[in-house]
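What follows is a single structure, written as structure tokens, with notes after it.
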Ligand code: G3I
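In the numbering used here, the protein residues as written are 48 to 394.
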């Protein structure tokens, strides 16, 4: 009797494992490309969106809005360290592959995001005390494996993301504590070795307006250039608010600081939230103006190589539906911001 019970339990467990494996396989399947979706308008610059593979698989409205508007995509989370290398040396490229394949089938550009960031790190990396040699090895394995896999398919990489604190000092994360500031040089050199044709970016948040952080960012990338580190551009994220967004002039000024160093620039994570910050009389109009300011600044800057919106519809935005930060509302209907951004980019 006992043995039968044991056998039953074992069989049940085996069945659960099979179901989990099948579910996982299905979850990581291809993103469909529906027929009869309008093509995006022709613009003077690539216009991208951060894309999530699961939403693209399961929400047809999200997928349609992406395809009808955007010519470039950035995996929102699928290429982050915790996702692609959850345990040391074991890689899971399910969603990253699905997004890159989808981009190839639909002829979209891909921005890779991101190789080195102190958020969304796996526990084995973040919660460990490293020797410099061992962390260098782990960094090299990670960057070589991820970048080489997408050689020729990922056009540009956010090699290092958000390395600075607001006061302009380098964030004291596991990389800085173990390797010193040279971890940034190292990451760029490793990425360049793995794909010499990919354009390599340093991506920073909240550096659009004049501040100690902006000055520190300029000094940081100037140093990289002087040391011959293979950096091609700076990404300005521009997560902003309808009540307080950087003007076109502010954005053009900061872009000039980087293009003067011989670098490209992009607006990499644009969103303009409403209902959260200061009160504004007509939030959707103000939001459209915020998007237009970013688009116009990029269009007016010859070395601005693209604008990416951080999300497709408000339903799945990291700012939550209440933040209403994207170009499409929760039901996938375009907001005034969509037209404003397209016009600013020459559409
Ligand atoms: O993957 C788990 C899932 O298994 C679980 O069921 C779910 C439950 O909450 O959580 C899922 O992970 C979440 C992940 O997004 C995927 O949805 C994380 O908790 C959540 O923290 C994560 O948030 C992402 C955030 O980066 C992490 O810091 C946002 O989606 C993403 O939009 C945001 O993007 C960043 C850029 O990469 C860098 N710049 C700032 C920008 C906004 O924070």
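Glycine included, every Cβ here is placed at the ideal spot set by N, Cα and C.
The ligand G3I heavy atom lying under 7 Å from the CB of residue i
{"i": "residue 314", "result": "no"}
{"i": "residue 278", "result": "no"}
{"i": "residue 341", "result": "no"}
{"i": "residue 97", "result": "yes"}
{"i": "residue 123", "result": "yes"}
{"i": "residue 166", "result": "yes"}
{"i": "residue 102", "result": "no"}
{"i": "residue 357", "result": "yes"}
{"i": "residue 365", "result": "yes"}
{"i": "residue 105", "result": "no"}
{"i": "residue 83", "result": "no"}
{"i": "residue 284", "result": "yes"}
{"i": "residue 160", "result": "yes"}
{"i": "residue 208", "result": "yes"}
Presumed contact (8 Å Cβ cut-off) between residue i and residue j, rounded CB distance
{"i": "residue 301", "j": "residue 283", "result": "7 Å"}
{"i": "residue 277", "j": "residue 239", "result": "4 Å"}
{"i": "residue 294", "j": "residue 340", "result": "6 Å"}
{"i": "residue 158", "j": "residue 205", "result": "7 Å"}
{"i": "residue 129", "j": "residue 167", "result": "5 Å"}
{"i": "residue 156", "j": "residue 118", "result": "7 Å"}
{"i": "residue 379", "j": "residue 108", "result": "4 Å"}
{"i": "residue 203", "j": "residue 248", "result": "6 Å"}
{"i": "residue 120", "j": "residue 136", "result": "Between residue 136 and residue 120 the Cβ distance is about 28 Å, and since that is not below 8 Å, they are no contact."}
Residue range of the alpha helix (DSSP H) that includes residue i
{"i": "residue 86", "result": "Premise fails: residue 86 is in no alpha helix (DSSP H) and is neither H nor E."}
{"i": "residue 187", "result": "179-196"}
{"i": "residue 114", "result": "107-116"}
{"i": "residue 172", "result": "170-173"}
Any chain C beta carbon closer than 8 Å to residue i
{"i": "residue 158", "result": "No chain C is present in this structure, which holds just one protein chain."}
Opening and closing residue of the beta strand (DSSP E) in which residue i lies
{"i": "residue 96", "result": "94-98"}
{"i": "residue 159", "result": "156-163"}
{"i": "residue 305", "result": "Per DSSP, residue 305 belongs to no beta strand (DSSP E); it is in the alpha helix (DSSP H), 295-306."}
{"i": "residue 320", "result": "311-320"}
{"i": "residue 343", "result": "It is not in any beta strand (DSSP E) - residue 343 instead sits in the alpha helix (DSSP H) that spans 330-346."}
{"i": "residue 122", "result": "119-122"}
{"i": "residue 355", "result": "351-356"}
{"i": "residue 204", "result": "203-208"}
{"i": "residue 288", "result": "286-288"}
{"i": "residue 248", "result": "246-251"}
{"i": "residue 281", "result": "280-283"}
Alpha-carbon spacing of residue i relative to residue j, whole angstroms
{"i": "residue 78", "j": "residue 361", "result": "20 Å"}
{"i": "residue 68", "j": "residue 141", "result": "Low confidence applies to residue 68: its pLDDT is 47, below 50, so where it sits in the model is not reliable, and the reading given next is rough at best. For residue 68 and residue 141, the distance between alpha carbons rounds to 13 Å."}
{"i": "residue 332", "j": "residue 224", "result": "45 Å"}
{"i": "residue 237", "j": "residue 92", "result": "28 Å"}
{"i": "residue 343", "j": "residue 374", "result": "16 Å"}
{"i": "residue 147", "j": "residue 201", "result": "8 Å"}
{"i": "residue 330", "j": "residue 320", "result": "9 Å"}
{"i": "residue 288", "j": "residue 180", "result": "43 Å"}
{"i": "residue 172", "j": "residue 89", "result": "43 Å"}
{"i": "residue 165", "j": "residue 211", "result": "11 Å"}
{"i": "residue 385", "j": "residue 355", "result": "12 Å"}
{"i": "residue 221", "j": "residue 267", "result": "19 Å"}
{"i": "residue 352", "j": "residue 311", "result": "7 Å"}
{"i": "residue 198", "j": "residue 241", "result": "8 Å"}
{"i": "residue 66", "j": "residue 104", "result": "Because residue 66 carries a pLDDT of 48, less than 50, the predicted location of this residue cannot be relied on, and the following value inherits that uncertainty. Taking the straight line from one Cα to the other gives about 20 Å."}
{"i": "residue 122", "j": "residue 285", "result": "17 Å"}
{"i": "residue 262", "j": "residue 387", "result": "30 Å"}
{"i": "residue 273", "j": "residue 209", "result": "21 Å"}
{"i": "residue 76", "j": "residue 251", "result": "32 Å"}
{"i": "residue 281", "j": "residue 350", "result": "11 Å"}
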